[in-house]
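Here is the structure we will look at.
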Amino acid sequence: MRVFGQTGNVDSTFNTSTSFLSDPEGWVILTKLFHKNSSIAAAYYTLTNTSINGELTITPADYGFPDDKVSSIMFLETLNQEGSCPAGSPPGTPCPDYFIDVLSTFAPLYFTSGAGQYEVLFDLAPVSFASIDFPSANEVRVWTQEGEISQVNVMLKIAQVPEPASLLLLGLGLLGLGFIKRRKR
């Protein structure tokens, strides 16, 4: 398996002890994003916005993954002028820049290996001089503090999906306990 420069192996039984996914809590860092936010004024001709495209490719395809998962992140530069800061700016930060991503980018992926089904989860973890908010139901916004180097980690976790038979047995067990308790009354 190769994910954003990380390399590890997944065998036919999905043995996580032989892969880079052996973190005890299950979360690993896919990539670390850094942004140096320097103060600029309107007089400077500079990049005001851009789109950053990222691609996640997991191989081999016979595990049931799509060929790749493409993400596009939008960046907006803010001018450091009184009254020009965007709405929603974190308090105490003079005109921070921000990145916007759609939440569907972080939708889980599923694959089957051996007899089990697995879910791949994604998350953002602000590390330094960054904050995250959700301006709408489908967007996540990452703010980067002015005059600092901000870091946000993109995280990945693989978890086994419980089998329907296991859930059925648990449900029947709880139902049986309910009948026993009712019968004692």
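Residue numbers for the sequence shown follow this note's numbering, so the first one is 1181 and each next one is one higher.
A virtual CB, placed ideally from N, CA and C, is assigned to each residue, including glycine.
Please read all numbers here as calculations on a predicted model, not as lab measurements.
Rounded to whole angstroms, the separation of the alpha carbons of L1355 and K1216 is 57 Å. For G1296, the uninterrupted beta strand (DSSP E) run begins and ends at G1296 to S1308, by DSSP.
By the neighbour-count definition (other C-beta atoms within 10 Å, threshold 16), D1303 is an exposed residue. Between the alpha carbons of S1330 and S1308 lies a gap of roughly 5 Å. One Cα belongs to A1267, the other to D1281, and the distance between them is close to 17 Å.
Per DSSP, the continuous beta strand (DSSP E) segment holding E1319 begins and ends at E1319 to T1324. Taken atom to atom, the span from the alpha-carbon of K1337 to that of S1219 is near 36 Å. Residue burial is scored here from C-beta neighbours: V1334 has at least 16 other C-beta atoms within 10 angstroms and is therefore classed as buried. When secondary structure is reduced to three states using DSSP, S1218 falls in the coil class, being assigned neither helix nor strand. A check of alpha carbon separations from A1317 across F1214, S1264, I1360 and S1284 identifies S1284 as the nearest. A direct Cα-Cα distance of roughly 34 Å separates F1214 from T1292. In the structure shown, S1330 adopts extended strand secondary structure according to DSSP, grouped into three states. Residue pairing for I1360: DSSP places it in no beta bridge.
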